[in-house]
């Protein structure tokens with residue numbers, strides 16, 4: 003089973019939208035997901051602060067800013 007990680011921050015509208023897409027797609031395909039606050043991790047902050055929300059699939063960057071549900075679904079089922 004693959005794991006999706008959402009890297010974002012509180013109060014981020016795009017992060018809220020990305021979370022909704024991730025929850026829907028992960029529930030549909032049976033994938034796990036987690037969320038990390040960029041403000042709580044200096045390494046994540048340095049790497050991604052200009053790109054949030056950032057989506058990782060099994061630790062590798064998949065998307066940033068906007069999450070395409072079809073593209074995420076394909077990444078989780080292939």
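In the numbering used here, the protein residues as written are 3 to 80.
Beta carbons are placed, not taken as given, at the ideal position from N, Cα and C, and that holds for glycine.
Who are the near neighbours of residue i in its chain, counting only those whose CB is closer than 8 Å to its CB and skipping five residues on each side?
i, result
"residue 34", "3, 4, 5, 6 and 28"
"residue 78", "4, 6, 27, 28, 31, 33 and 59"
Just the C-alpha distance for residue i and residue j, rounded to the nearest angstrom, thanks.
i, j, result
"residue 30", "residue 74", "11 Å"
"residue 72", "residue 19", "15 Å"
"residue 41", "residue 13", "12 Å"
"residue 56", "residue 76", "17 Å"
"residue 11", "residue 38", "8 Å"
By a C-beta neighbour count over all protein chains shown, 10 Å radius and 16 as the cutoff for buried, is residue i buried or exposed?
i, result
"residue 25", "exposed"
Spatial neighbours of residue i within its chain, please: CB distance less than 7 Å, with the 5 preceding and 5 following residues excluded, ordered by chain position.
i, result
"residue 60", "4 and 5"
"residue 53", "66 and 67"
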